[in-house]
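So for the sequence shown, the working numbering puts the first residue at 53; every next one is plus one.
Every residue, glycine too, gets a C-beta built ideally from N, C-alpha and C.
Since this is a predicted model, take the numbers as computed values, not measurements.
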Amino acid sequence: MDLKSTIRAIPDHPKPGIVFRDLTTLMGEPEAFAQTCEALAAAFSDAGITHVAGIEARGFIFGAAVADRLKVAFVPVRKKGKLPAKTITESYALEYGEDTLEVHEDALPKGAKVLLVDDLLATGGTAAASAKLLRAAGGNVVGAAFVVELVDLPGRAKLSEVGVETFSLLTFEEE
53 MDLKSTIRAI
63 PDHPKPGIVF
73 RDLTTLMGEP
83 EAFAQTCEAL
93 AAAFSDAGIT
103 HVAGIEARGF
113 IFGAAVADRL
123 KVAFVPVRKK
133 GKLPAKTITE
143 SYALEYGEDT
153 LEVHEDALPK
163 GAKVLLVDDL
173 LATGGTAAAS
183 AKLLRAAGGN
193 VVGAAFVVEL
203 VDLPGRAKLS
213 EVGVETFSLL
223 TFEEE
């Protein structure tokens with residue numbers, strides 16, 4: 053199946069000049085969704101992964117499905133204030149301001165082999181902050197997996213700067 057054809061492109065969203073890659077259309081196609089999750093899991097099937105961490109919110113969808121396929125635990129990486137127990141936090145810069153991510157303090161045993169999963173890699177700020185956060189929680193981030201990578205943006209380089217190997221199932225260039 054041509055997975056790229058299942059992803060809707062929305063020009064000028066959220067602002068002029070941006071082409072938004074809408075993965076909800078891929079998720080709405082059962083065969084495409086299953087193939088995507090299988091491929092993400094297969095890329096790390098021999099890596100000894102013990103935990104999959106998904107970044108809020110679409111990373112929860114893909115990450116939980118990948119964790120299920122790998123038969124490992126799932127850890128949600130949430131925005132600040134969403135988790136009920138004691139947390140570890142990591143703040144990072146946005147274009148205009150700052151944001152903070154959290155995981156539960158007891159989300160990972162020391163030395164857990166973690167795969168970070170999200171739907172799309174663009175600038176890499178959220179993914180890099182997530183990797184730092186998972187390390188602070190005791191995990192060894194084995195890699196990061198994305199359904200889509202926007203290759204004209206610096207996401208892969210940003211993850212490389214924090215020592216994370218990146219796998220992307222699909223790539224898009226700016227149009």
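As assigned by DSSP and simplified to three states, the class of residue i
i           : result
residue 193 : strand
residue 175 : coil
residue 57  : helix
residue 142 : strand
residue 102 : coil
residue 118 : helix
residue 184 : helix
residue 163 : coil
Residue j beta carbon less than 8 Å from that of residue i
i           : j           : result
residue 216 : residue 171 : no
residue 183 : residue 207 : no
residue 140 : residue 185 : yes
residue 179 : residue 168 : yes
residue 145 : residue 111 : no
residue 156 : residue 125 : no
residue 189 : residue 95  : no
Between the CA atoms of residue j and residue i - distance to the nearest angstrom
i           : j           : result
residue 165 : residue 72  : 32 Å
residue 129 : residue 117 : 15 Å
residue 104 : residue 203 : 24 Å
residue 77  : residue 221 : 16 Å
residue 53  : residue 191 : 35 Å
residue 154 : residue 132 : 6 Å
residue 86  : residue 108 : 20 Å
residue 224 : residue 201 : 6 Å
Element boundaries [alpha helix (DSSP H), containing residue i]
i           : result
residue 212 : 207 to 213
residue 76  : 76 to 79
residue 70  : Segment: none, residue 70 is in no alpha helix (DSSP H) and carries neither H nor E.
Option nearest residue i by Cα separation, candidates the options
i           : options           : result
residue 193 : 88, 162, 209      : 162
residue 106 : 89, 205, 97, 99   : 89
residue 91  : 113, 181, 121, 58 : 121
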